[in-house]
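This report refers to the structure that appears directly beneath it.
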Amino acid sequence: MNLIYPILPGTKEWENFNSRDEMMAACQIPTEIVASMSTEALTLSLINHPLLDTNVLSYNDYREGVDSFVSDFDAVKSLSQRDDFAINLAKIYLDTPVLSKEQSKNSQDNMLDFIKKETILALLQVFDLFKEAEALILIAENKMKNKAKTEEVYGASVNTFLK
-9 MNLIYPILPG TKEWENFNSR DEMMAACQIP TEIVASMSTE ALTLSLINHP
41 LLDTNVLSYN DYREGVDSFV SDFDAVKSLS QRDDFAINLA KIYLDTPVLS
91 KEQSKNSQDN MLDFIKKETI LALLQVFDLF KEAEALILIA ENKMKNKAKT
141 EEVYGASVNT FLK
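The following block contains the structure:
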């Protein structure tokens, strides 16, 4: 179940808010819904939170922005207690396409998407959740997937293991 926030920037309801606290309160996910969400869905809800972009970019240091956001978004507490949070975030990160120069001309969103994901991944409380074996397998699988995209270069070595 992927969460769709009921009130988003650009809507009349959003414009009626007088403070960031009101906006954050409107975007909190009820505890019972958090408990029923998969780690992947909850991770996507964190990444797609309407205030995360603003928070990350409002500080001179992206980590400060994420730290500030994390302290105000209740669902993060649940995520940080899930053993599979870091690996789910890493998978989502690795599935984010790297655009060519031509593709990126019309998309600042892609750059911001990477900034958010990389900053969250770099937080110690997230990084410490990684199990070495999981991370190595994920990296190897991603490398194989990228090699498969250029099979004409890598030929027979594509998908020779980790099938």
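Number 15 in this note's numbering belongs to position 25 of the sequence shown; there are no gaps in the numbering.
No residue lacks a Cβ here, since even glycine has one placed at the ideal position from N, Cα and C.
All values reported here derive from a predicted model rather than from experimental measurement.
Boundaries (first-last residue) of the alpha helix (DSSP H) holding residue i
{"i": "methionine 14", "result": "10 to 16"}
{"i": "glycine 0", "result": "No alpha helix (DSSP H) holds glycine 0; DSSP gives it neither H nor E."}
{"i": "aspartate 62", "result": "52 to 62"}
{"i": "aspartate 43", "result": "42 to 47"}
{"i": "isoleucine 23", "result": "21 to 26"}
Residue i classed as buried or exposed, judged by whether at least 16 other C-beta atoms fall within 10 angstroms
{"i": "isoleucine 177", "result": "Given a span of -9 to 153 for the chain in the structure shown, any question on residue 177 remains unanswerable."}
{"i": "valine 66", "result": "buried"}
{"i": "asparagine 149", "result": "Confidence at asparagine 149 is low in this model, with a pLDDT of 49, below 50, so the placement of that residue should be treated as unreliable; the coordinate-derived value is given next. Label assigned to asparagine 149: exposed."}
{"i": "aspartate 43", "result": "buried"}
{"i": "lysine 107", "result": "buried"}
{"i": "glycine 55", "result": "buried"}
{"i": "asparagine 45", "result": "buried"}
{"i": "serine 26", "result": "exposed"}
{"i": "valine 88", "result": "exposed"}
{"i": "serine 35", "result": "buried"}
{"i": "leucine 69", "result": "buried"}
{"i": "isoleucine 19", "result": "buried"}
Coarse secondary structure for residue i, derived from DSSP in three states
{"i": "methionine 134", "result": "helix"}
{"i": "asparagine 6", "result": "coil"}
{"i": "leucine 32", "result": "helix"}
{"i": "leucine -7", "result": "coil"}
{"i": "alanine 65", "result": "helix"}
Residue i: CB within 7 Å of a non-hydrogen atom of the ligand ZN
{"i": "methionine 134", "result": "Within the structure as shown, the ligand ZN is missing, as the structure has no ligands at all."}
Min CB distance residue i to chain C below 8 Å
{"i": "lysine 81", "result": "The chain inventory of the structure shown lacks chain C, comprising one protein chain alone."}
May I have a chain-ordered list of the alpha helix (DSSP H) segments no shorter than 4 residues that lie completely inside the region 78 to 127? 91 to 94, 98 to 112 and 114 to 117
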